[in-house]
Amino acid sequence: MLKARTLLLMLTIIGLNLPMIVIADEANKEVTNQEIQALQAVKLLHVRGLAASCAACHGTGGNSIKNDNTNNIASLAGMNATDFIAKMQGFKSGERAATVMQHHAKGLNSQEIIDLAEYFSAQTLRIAVPLVSQTLLDHHAN
Amino acid sequence: MPINRRDFIKLASTGLAGASLLGTGLPALARGTRPPIGRVVVIGGGYAGATAAKYLRMWSLGAIEVVVVEANQQFVSCPLSNLVLGGSKTINDLTFGYDMLKMQHGIQWVQDTVTGIDAAAKKVTMLRGELSYDRLIIAPGVDFIYDELPMLQSATAQSQIPHAWKAGWQTVNLRKQLEAMPDGRVFVMSIPKAPYRCPPGPYERAAQVAYYFKNNKPKSKVIVLDANAEIISKKGLFTKVFSEMYAGIIDYRPNSAVIDVDVATRTVKTEFESVTADVLNVIPPQRAGKPAQMVKLAHQKAGLNNIDARWCEVDFLSYESKLASHVHVIGDAVSAALPKSAHMASNQAKICANAIVQLMAGLAPEPAPVFANTCYSYVTDKSAMHVANVYRYDAAKKIMLSAEGGGVSAKPSEQEGEYAVAWAQNIWADTLT
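What follows is the structure, given as structure tokens:
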């Protein structure tokens with residue numbers, strides 16, 4: 479049996495958007511195994527870690543920066559799950575032309591593609607702008 | 088946030104006092120309403136450390152207190168820094184502050200240099216104070232090894248012969264030397280034996296300098312002395328770039344480890360020859376950065392760099408050191424037989440953060456992590472090419488293994504050059520906001 483505080487942490491881990499109010503009196507209340515098992519945290523941990531890897535190119539939570547170039551990288555946040563799966567399967571089979579995405583799609587299994595589609599479709603699309611750079615300070619080492 | 092319940096932290100002496108502690112960017116309910124479940128100290132604010140700090144705060148919804156210790160005030164990107172040598176970027180295009188990262192995620196920040204780590208006492212000592220931790224993440228980057236080339240260790244020698252392998256003033260220095268060099272002269276660069284930070288980076292550097300020469304000093308030459316037996320990354324692509332795009336400019340020499348340097352005359356010696364340069368860039372061999380070397384361990388020699396006395400052995404589910412419990416190592420310092428790239432450092436940071444959130448709740452880390460690496464190299468000011476791969480945890484071998492389907496560009500292109508810009512902008516934002 480887990481304490482409610484631990485359960486709360488598990489909920490945050492799997493990304494469920496539950497009300498974040500922890501009432502002190504309830505923090506030590508025990509919850510049932512069924513409630514915990516229903517969470518299936520492992521699968522969601524896996525997809526969260528994998529989706530975070532996409533962020534290097536596609537932005538945090540799939541929110542990619544728009545710049546003035548012709549070739550921007552697509553935002554994945556809020557993308558329709560069916561579209562996502564069709565695109566990734568297209569990259570994987572080679573039917574859909576790409577520069578780099580075939581190298582990623584071929585490394586993922588079908589379940590991971592479905593899980594990523596669900597994950598990104600649930601993210602809210604936000605406007606992402608390039609970071610503003612600075613003048614390098616004299617005292618910077620190296 | 089009740090940070091001062093801690094015994095060891097010395098707020099006044101470490102500069103931690105004040106509003107920066109309040110985590111102003113967090114959702115109101117995630118801060119202040121419950122005590123933190125523990126403190127993670129992150130040493131290093133590069134791609135690995137900054138990312139780990141952010142994702143720990145994000146994924147714990149503020150339940151984990153995070154303190155970053157970083158010596159520099161600014162972040163300077165190594166990716167794209169070869170373009171400074173080629174002349175299409177300046178160092179100021181690649182320099183960023185940490186303010187958004189700190190504010191948006193309620194990360195505490197100490198600008199200081201780590202002087203000691205006691206894994207048994209769970210304590211980090213800095214020049215101006217000390218910090219206790221429940222878990223420690225060391226993201227130290229690389230440290231240069233000067234055992235074989237002691238004449239290059241001093242700041243004076245490095246102003247003459249910069250490594251420019253950590254983006255910053257040495258990058259600027261090397262660019263200035265190239266600009267000042269008259270046409271018809273020779274740039275010599277040396278590449279250490281792998282593994283080192285950024286496998287394709289030296290070859291990209293050769294191409295960038297050749298690009299600058301081709302357009303500005305067409306009678307000048309680039310001599311590449313590679314300690315490796317062949318080009319170790321994007322070999323087919325770089326071979327073609329060297330022999331076609333930069334024919335007559337780049338002279339690539341494999342099996343050419345530098346064994347001696349005369350600093351005053353910029354002359355390098357290999358087993359086979361002596362080469363005098365007008366501008367010289369020696370990239371020294373590397374090992375895990377200093378903080379990883381100074382971890383005090385009971386009954387053992389200090390240091391987590393147990394693999395070849397250079398790199399740190401970790402558990403790939405959590406990036407916890409094999410030598411010290413509750414101490415995690417991420418980024419270039421890790422012994423992983425994987426490319427030491429910014430994207431890999433970012434991946435390791437996220438898997439580590441995912442695991443620490445679990446571990447601090449008394450739960451097991453995710454058992455089968457998967458992540459991807461994408462790495463672009465520019466061969467002109469606009470044209471780039473990639474290598475990309477998915478990596479998957481192998482439960483039997485307990486390592487990350489390359490999945491099927493990875494590969495490189497068919498050829499360099501301006502289209503991929505634009506994707507490389509977008510890659511950089513997105514990973515900067517992912518790391519620093």
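Protein chains in written order, with my numbering: chain Y, 479 to 620; chain X, 88 to 520. We put the CB at the ideal spot given by N, CA and C, even for glycine. Keep in mind that this is a model prediction, so the values were computed, not measured.
Residue 342/X counts as exposed, since fewer than 16 other beta carbons sit within 10 angstroms of its beta carbon. Think of a sphere of 7 Å around the beta carbon of residue 169/X: no beta carbon from chain Y falls inside it, the nearest being about 15 Å out. For residue 531/Y, the closest of 503/X, 499/X, 516/X and 434/X by C-alpha to C-alpha distance is 434/X.
For residue 480/X, the enclosing beta strand (DSSP E) begins and ends at 471-481. With the criterion set as a beta carbon lying under 8 Å from some beta carbon of chain Y, the members of the region 180-204 of chain X are 180, 181, 182, 183, 184 and 187, in sequence order. In this structure, the CA atom of residue 319/X is about 21 Å from the CA atom of residue 486/X. Between the region 426-441 of chain X and the region 458-475 of chain X, the count of Cβ pairs shorter than 8 Å is three or higher; the stretches touch. Within chain X, the C-beta atoms nearer than 9 Å to that of residue 590/Y come from 457, in chain order.
Rounded to the nearest angstrom, the Cβ distance from residue 493/X to residue 477/X is 7 Å, consistent with a contact under 8 Å. For the pair residue 325/X and residue 290/X, the Cα-to-Cα distance works out to about 7 Å.
Using a CB distance cut-off of 8 Å, residue 599/Y does not count as an interface residue toward chain X. Residue range 457-465 is occupied by the beta strand (DSSP E) that includes residue 462/X, with no alpha helix (DSSP H) assigned at that position.
The beta strand (DSSP E) runs of length 3 or more contained entirely in the region 373-447 of chain X are, from start to end of the chain, 373-375 and 414-416. Taken in chain order, the whole alpha helix (DSSP H) runs of length 4 or more contained in the region 210-288 of chain X are 242-247 and 256-267. Taking 4 residues as the minimum length, the alpha helix (DSSP H) runs contained wholly in the region 303-341 of chain X are 322-327, in order along the chain.
Listed along chain Y are 614, 618 and 620, each with a C-beta nearer than 9 Å to that of residue 163/X. Excluding sequence positions up to five before and after residue 503/X, its CB lies within less than 8 Å of the CB of 463, 470, 471, 472, 473 and 496, all in the same chain and listed in chain order. The Cβ atoms of residue 347/X and residue 310/X do not sit closer than 8 Å to each other. Look at residue 126/X here: in three-state DSSP terms it is strand. Residue 183/X has 162/X as its beta-bridge partners, per DSSP.
Contact of residue 142/X with chain Y by beta-carbon distance below 8 Å involves 530. For residue 501/X, the uninterrupted alpha helix (DSSP H) run begins and ends at 501-519, by DSSP. Setting aside the 5 residues that flank it on each side, residue 167/X is surrounded in the same chain by 176, 181 and 511, each with a C-beta closer than 7 Å to its C-beta; the list follows chain order. Taking 7 Å as the Cβ-Cβ cut-off, the region 541-568 of chain Y approaches chain X at 542, 543, 545, 547, 548, 549, 550 and 551, given in chain order. According to the DSSP assignment, residue 561/Y belongs to the alpha helix (DSSP H) that extends over 559-571. By the Cβ neighbour-count rule, residue 313/X is buried, with 16 or more other Cβ atoms within 10 Å of its own.
For residue 593/Y, the enclosing alpha helix (DSSP H) covers residues 588-599.
Close partners of residue 477/X in chain Y (Cβ separation under 7 Å): 582, 585 and 586.
With respect to chain X, the C-beta atom of residue 609/Y has a partner C-beta closer than 8 Å.
Per DSSP, the continuous alpha helix (DSSP H) segment holding residue 525/Y begins and ends at 519-536. Taking the Cα positions, residue 335/X is about 18 Å away from residue 268/X.
Taking C-beta atoms as the reference points, residue 506/X and residue 613/Y fail to come closer than 8 Å. Annotation: the continuous alpha helix (DSSP H) that includes residue 171/X extends over 169-173.
DSSP places residue 301/X within a helical segment (H, G or I) once states are collapsed to three. Beta-bridge pairing by DSSP links residue 489/X to 478/X. Counting only the Cα atoms, residue 296/X lies some 46 Å from residue 219/X.
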